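Student: When we follow the working numbering, the leftmost residue of the sequence shown carries the number -2, and every step to the right adds one.
All C-beta atoms, glycine included, are put in the ideal place defined by N, C-alpha and C.
A quick note: this is a predicted structure, and the numbers were derived from the prediction, not measured.
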Amino acid sequence: MNDLVLEVRDLHSGYGDEDVLHGVSIAVRRGTLVAVIGPNGSGKSTLLKTIYGLLPTRQGQVTLFGAQGDTHDLTRLRANQITALGMNMVPQLANVFPEMSVRENLEIGALPVRHRFDEQLGKVLASLPMLGRLLHRRAATLSGGQRQMLGVARALMSDPTLLILDEPTAGLAPAVREEVLARVRTINATGVSILMVEQRARQCLAMADHAYILDQGRNRLEGSGGALLQDPEVVRLYLGVQGRNRGKALGGGAT
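1) Using the beta-carbon count (16 or more within 10 Å), is N185 buried or exposed?
2) For the segment 183 to 239, which segments carrying the alpha helix (DSSP H) assignment without a break, of at least 4 residues, lie completely within its bounds, in sequence order?
3) Answer yes if the segment 61 to 77 comes into contact with the segment 115 to 134, meaning at least three C-beta pairs across the two stretches below 8 Å, and no otherwise.
4) Excluding five sequence neighbours on each side, which residues of the same chain lie with their C-beta closer than 8 Å to the C-beta of A203?
5) Can you list, in chain order, the residues of its chain whose CB lies under 6 Å from that of F62, leaving out five sequence neighbours each side?
6) On the DSSP letters alone, give me the boundaries of the beta strand (DSSP E) that F62 sits inside.
7) What's the C-alpha gap between E4 and E175?
8) Check the Cβ-Cβ distances between T80 and every residue of chain B, and say whether any is below 8 Å.
9) Who does G106 pair with in a DSSP beta bridge?
10) Can you give me the C-alpha to C-alpha distance between S192 and P157, rounded to a whole angstrom?
11) When you compare only the Cα positions, how much space is there between V234 and T80?
12) Would you kindly work out how many angstroms separate the C-alpha atoms of L247 and M97, rounded to a whole number?
13) Please classify Q213: is it buried, with 16 or more other beta-carbons within 10 angstroms of its beta-carbon, or exposed?
14) Taking only the alpha-carbon atoms, compute the straight-line gap between P95 and P229 and give it to the nearest angstrom.
15) Note down the Cα distance separating L128 from G142, rounded to an integer number of angstroms.
16) Using the rule of at least 16 other Cβ atoms within 10 Å of the residue's Cβ for burial, across every protein chain shown, is R197 buried or exposed?
17) Relative to the C-alpha of V87, which residue among D70, A179, V99 and G106 is closest?
18) Give the range of the beta strand (DSSP E) segment to which R26 is assigned.
19) Tell me which residue opens and which closes the alpha helix (DSSP H) that L122 is part of.
20) If distances are taken between C-alpha atoms only, which option among R130, N92, V110 and E15 comes closest to P53?
21) Which partner residues does L159 have in the DSSP bridge list?
22) Are there any heavy atoms of the ligand GDP lying less than 7 Å away from the beta-carbon of Q78, as far as the coordinates show?
23) Buried or exposed, going by whether 16 or more other CB atoms sit within 10 Å of the CB of A91?
24) Assuming D206 and T29 form a contact by the criterion Cβ under 8 Å, report the distance between their Cβ atoms to the nearest whole angstrom.
25) Can you tell me where the beta strand (DSSP E) with L291 in it begins and where it stops?
26) Along the chain, where does the alpha helix (DSSP H) that runs through S10 open and close?
Here's what the structure looks like:
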């Protein structure tokens, strides 16, 4: 059986008249955690948004592979249709409904599998047990880390085979960042494939099975997370002292 869960080939996308992605290609194998890093403006978030149908594909192919060998062309589908096929995304911002309770947020996340709500709730709380004590709290009253975990939990309620995370630790305190990344590893260990953009480049590479570095909307380098972490070019350009100004970068809020 094909062990790919997602394949992106020669992807072009952008905003208005401007292309941000210029032929990006990536792949996610089933059960793995794949990281995308790169300088600010390199196209990381644009890539995720295009894969998930939030931005139109201008050229290229995005294919989701089902567990039974079925394939789905995502390039003309909307986000809700993509969710129903087994992929979900946690955006960096606006990833919960603040005026709703934690449980209500999870109920909305489970709409594609509403007949299995109790089953999904049990699975999600097994990975994110801290939310079990907060089910009746309004999301607006949660801490930053708790809200981020609720966003992840809401996405998991649809029972995705692939979860996309856009900078899950952005804006969080260091101790909370570590907890969030630990929970991401726990979720991945349950068999959920993960595609993640993350501002903490070293931590991201250390936990990734495979990683891609984008630069100016193009593939620059790829390899196992561990290999890239030790690659002299990656250290020089993105992780080392000389690359620190440019590779702040591997930091936040890029397009």
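Tutor: With the structure as the only source:
1) The residue given as residue 185 occupies position 188 in the sequence shown. That one is buried.
2) Whole alpha helix (DSSP H) segments, 4+ residues: 198 to 204 and 222 to 227.
3) Not touching, per the Cβ criterion.
4) Counting from one through the sequence shown, the residue named residue 203 turns up at place 206. Once the five neighbours on either side are set aside, the close Cβ partners of A203 are G222, G223 and L226.
5) By 1-based counting over the sequence shown, the position of residue 62 is 65. These residues qualify, in order along the chain: N(-1), L1, V2 and T68.
6) Reading the sequence shown from its first residue, position 65 is the one you call residue 62. Secondary structure note for F62: its beta strand (DSSP E) is the uninterrupted segment Q56 to F62.
7) As a first step, residue 4 must be located in the sequence shown, where it is residue number 7. As a first step, residue 175 must be located in the sequence shown, where it is residue number 178. Here the alpha carbons of E175 and E4 stand approximately 29 Å from one another.
8) Of the protein chains in the structure, only one exists, and it is not chain B.
9) As a position in the sequence shown, residue 106 is number 109, starting the count at 1. According to DSSP, which records beta bridges pairwise, G106 is partnered with nothing at all.
10) Working through the sequence shown from its first residue, we reach residue 192 at position 195. Working through the sequence shown from its first residue, we reach residue 157 at position 160. The amino acid occupying residue 192 in the given sequence is Leu; Ser does not appear at that position. Between L192 and P157, the C-alpha separation is close to 12 Å.
11) Locating residue 234 in the sequence shown gives position 237, where the first residue counts as 1. Locating residue 80 in the sequence shown gives position 83, where the first residue counts as 1. The amino acid at residue 234 is misidentified as Val; the sequence shows Leu. For L234 and T80, the distance between alpha carbons rounds to 36 Å.
12) Translated into the one-based positions of the sequence shown, residue 247 becomes position 250. Translated into the one-based positions of the sequence shown, residue 97 becomes position 100. For L247, the predicted structure reports a pLDDT of 45, less than 50, and the residue's modelled location is therefore unreliable. The matter cannot be settled from this model.
13) For this step, residue 213 is matched to residue 216 along the sequence shown. Under the 10 Å beta carbon count, Q213 is surrounded by fewer than 16 other beta carbons and is classified as exposed.
14) Here the question's residue 95 lines up with position 98 in the sequence shown. Here the question's residue 229 lines up with position 232 in the sequence shown. Computed Cα separation, rounded: 44 Å.
15) Taking the first residue of the sequence shown as position 1, residue 128 is located at position 131. Taking the first residue of the sequence shown as position 1, residue 142 is located at position 145. Answer to the nearest angstrom: the Cα atoms are 11 Å apart.
16) As a working mapping, residue 197 is identified with position 200 in the sequence shown. By the neighbour-count criterion, in which a residue is buried when 16 or more other Cβ atoms sit within 10 angstroms of its Cβ, R197 is buried.
17) On the sequence shown, position 90 is the one that residue 87 refers to. Closest option to V87, Cα to Cα, is G106.
18) For the purposes of this step, residue 26 is taken as the residue at position 29 of the sequence shown. Per DSSP, R26 belongs to the beta strand (DSSP E) from E15 to R26.
19) Residue 122 sits at position 125 when you count from the first residue of the sequence shown. Run containing L122: F114 to S124, per the alpha helix (DSSP H) assignment.
20) Translated into the one-based positions of the sequence shown, residue 53 becomes position 56. In terms of CA proximity to P53, E15 leads the group R130, N92, V110 and E15.
21) Taking the first residue of the sequence shown as position 1, residue 159 is located at position 162. Paired residue(s): M84 and S190.
22) The ligand GDP is absent from the structure shown, which contains no ligands of any kind.
23) The residue labelled residue 91 in the question sits at position 94 within the sequence shown. Its Cβ having fewer than 16 others within 10 Å, A91 is exposed.
24) Counted from its first residue, the sequence shown places residue 206 at position 209. Counted from its first residue, the sequence shown places residue 29 at position 32. 4 Å between Cβ atoms; contact.
25) Nothing can be reported for residue 291, as the shown portion of the chain is limited to -2 through 252.
26) Translated into positions along the sequence shown, residue 10 becomes position 13. Note, S10: premise wrong, no alpha helix (DSSP H); beta strand (DSSP E) at L1 to Y12.
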